[in-house]
Amino acid sequence: MPRLALVTAIAAAALDDDLVPLLDACARAGIATQVRAWDDPSVAWSRFDAVLLRSPWDYTERLREFLDWCGRVSTRSQLLNPLPVIAWNTDKHYLAALAERGVPVVATRFVEPDMDPLPTLQAFLSAHPDAAEFVVKPAVGAGSRDAQRYSREQEFAAANHVARLLEADRSAMLQPYLASVDRDGETALLFFEGRFSHAIRKGPLLQRDEGPTEHLFAAEEITARIPGKDELALAENVLAAAAASLQLQSPLTYARVDLIRDDDGSPRLLELELCEPSLFFAHAAGSADRFAALLADTLRSSAPAI
Ligand SMILES: Nc1ncnc2c1ncn2[C@@H]1O[C@H](COP(=O)(O)OP(=O)(O)O)[C@@H](O)[C@H]1O
Ligand SMILES: [Mg+2]
0 MPRLALVTAI
10 AAAALDDDLV
20 PLLDACARAG
30 IATQVRAWDD
40 PSVAWSRFDA
50 VLLRSPWDYT
60 ERLREFLDWC
70 GRVSTRSQLL
80 NPLPVIAWNT
90 DKHYLAALAE
100 RGVPVVATRF
110 VEPDMDPLPT
120 LQAFLSAHPD
130 AAEFVVKPAV
140 GAGSRDAQRY
150 SREQEFAAAN
160 HVARLLEADR
170 SAMLQPYLAS
180 VDRDGETALL
190 FFEGRFSHAI
200 RKGPLLQRDE
210 GPTEHLFAAE
220 EITARIPGKD
230 ELALAENVLA
240 AAAASLQLQS
250 PLTYARVDLI
260 RDDDGSPRLL
270 ELELCEPSLF
280 FAHAAGSADR
290 FAALLADTLR
300 SSAPAI
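Terminal number for the sequence shown in numbering that gives the first Met the number 0: 305, no gaps in between.
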């Protein structure tokens with residue numbers, strides 16, 4: 000039986016709702032699967048035939064350490080997330096690369112550590128006169144941590160937020176707040192081996208006048224959703240653009256495309272998750288088994304011949 004490690008973080012294992020359904024589905028698919036934390040130094044990764052990132056959600060403040068760890072693991076086992084994909088996708092600057100390829104991403108201004116927060120923010124606000132509210136968040140972030148929504152009048156508080164991120168040597172992002180999320184939520188489309196599997200609706204996560212979440216990730220309100228034709232088409236385009244950017248030769252084990260509609264009603268890319276997406280198995284019957292069957296195929300085809 001092939002041996003697979005699902006990678007979480009010591010701080011995240013109890014929060015990942017996908018782990019139990021995935022363990023059960025892998026058992027049914029004939030894969031001996033164990034959950035291990037990336038930051039557990041006692042794990043012998045070479046004892047696994049393959050390693051799949053699932054919920055290493057605390058990498059955001061330890062990115063260098065995490066990427067080094069990924070590099071080491073890939074010399075000891077088959078890391079199913081390709082290293083170039085991990086390096087690219089753990090930093091939301093990838094949105095700029097996708098925008099260059101014509102993907103409609105949520106309008107984003109990156110603020111780099113050597114930039115002056117307040118003038119940059121003021122220039123951003125002038126460029127977006129229609130945005131009643133905007134978002135400040137880190138370029139390396141997950142779980143809505145360090146993300147906050149501001150009104151135009153809160154320019155100084157927002158500039159302080161940006162300054163705090165820059166002082167910690169993190170890049171920040173400014174985006175208009177897409178208000179449709181308050182009514183329609185965000186649509187996340189899940190793809191397994193390049194094929195659409197299912198979609199969910201995620202309720203809005205940033206409340207007015209509320210600071211960033213103090214948890215590893217903000218509590219999410221999830222329901223099943225049938226994506227619009229335009230959303231499905233955009234998600235396919237996003238995956239094609241990512242594959243072109245990364246020069247990928249084969250489809251990704253999983254991918255999640257998160258979209259919010261802009262004020263004109265057109266879907267825009269908020270996030271492409273290739274490293275640690277929640278897959279929301281509980282909201283799509285049979286999805287964990289479908290995913291495990293694909294994993295079993297991958298492990299069989301990469302097993303050394305005896
Ligand atoms: N520009 C935006 N407009 C509306 N909501 C946003 C915007 N940016 C972030 N959000 C809200 O904050 C949440 C977290 O932001 P996201 O970009 O997905 O980062 P991450 O999930 O990696 O922390 C989103 O799910 C959404 O609810
Ligand atoms: Mg997100």
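In this text, a Cβ means the ideal position worked out from N, Cα and C, and glycines have one as well. Please read these numbers as outputs of a predicted model, since none were measured by experiment.
What are the boundary residues of the beta strand (DSSP E) that residue i is part of?
i: F185; result: A quick correction: the sequence has Glu, not Phe, at residue 185. Where E185 is concerned, the enclosing beta strand (DSSP E) stretches over E185 to F191.
i: T59; result: No beta strand (DSSP E) holds T59; DSSP gives it neither H nor E.
i: A284; result: Careful: A284 lies outside any beta strand (DSSP E) and carries neither H nor E.
i: H197; result: R194 to K201
i: P175; result: A171 to P175
i: V6; result: R2 to T7
i: Q147; result: Q147 to S150
Please return the same chain residues whose Cβ sits closer than 8 Å to the Cβ of residue i, not counting the five positions on each side in sequence.
i: L268; result: L94, L97, V102, P103, V104, V105, L233, V237, V256, D257 and L258
i: Q121; result: E154
i: D23; result: A287
i: G227; result: T186 and P266
i: L293; result: F191, E192 and T252
i: E111; result: L165 and S170
i: Q33; result: R2, L3, A4, L5 and F47
i: L124; result: A130, F133, R151 and E154
i: L18; result: L5, T7, A12, V34, R53 and S54
For residue i, which residues from the same chain have a beta carbon less than 7 Å from its beta carbon, with the 5 sequence-adjacent residues on both sides left out?
i: W87; result: Y93 and L245
i: Y176; result: A130, E132, F133, V134 and R148
i: L78; result: V50, C69 and V72
i: A281; result: D16 and P20
i: R224; result: T186, A198, I199 and R200
i: S301; result: Q77
i: A295; result: A28, G29 and I30
i: E183; result: Inspection of the sequence shows that residue 183 is occupied by Asp rather than by Glu. Correct list, in chain order: R260.
i: L62; result: T89 and V139
i: A36; result: T7, A8, I9 and A12
Among all the DSSP beta bridges, which residues are the ones paired with residue i?
i: P266; result: R260
i: R255; result: L189 and E272
i: F109; result: M172
i: V104; result: L268
Which first and last residues belong to the alpha helix (DSSP H) in which residue i is found?
i: Y93; result: Y93 to E99
i: H160; result: E154 to E166
i: P83; result: L82 to N88
Below 6 Å CB to CB, which residues in the same chain sit around residue i once its five sequence neighbours on both sides are set aside?
i: E272; result: R255
i: F216; result: G142
i: E270; result: D257
i: E220; result: G202
i: D181; result: P203
How would you label residue i, buried or exposed, when you count the other beta carbons within 10 angstroms and need 16 or more for buried?
i: Q174; result: buried
i: P128; result: exposed
i: L316; result: Residue 316 cannot be examined here, being either before or after the span of the chain that is shown, 0 to 305.
i: N80; result: buried
i: S277; result: buried
i: A43; result: exposed
i: P137; result: buried
i: E230; result: buried
i: S249; result: exposed
i: T119; result: buried
i: L307; result: Outside the displayed span of the chain (0 to 305) sits residue 307, for which this structure offers no information.
i: A291; result: buried
i: D113; result: exposed
Give the list of continuous alpha helix (DSSP H) stretches no shorter than 4 residues that lie fully inside the segment 217-248. The segment 217-248 contains these whole alpha helix (DSSP H) runs: 228-245.
Which runs of the alpha helix (DSSP H) at least 4 residues long sit entirely within the segment 21-79? Give them in chain order. Correct list: 62-75.
Kindly provide the ranges of any alpha helix (DSSP H) runs that are 4 or more residues long and lie completely inside the segment 111-136, ordered along the chain. As summarised for the segment 111-136, the continuous alpha helix (DSSP H) elements at least 4 residues long and confined to that stretch are 116-126, given in chain order.
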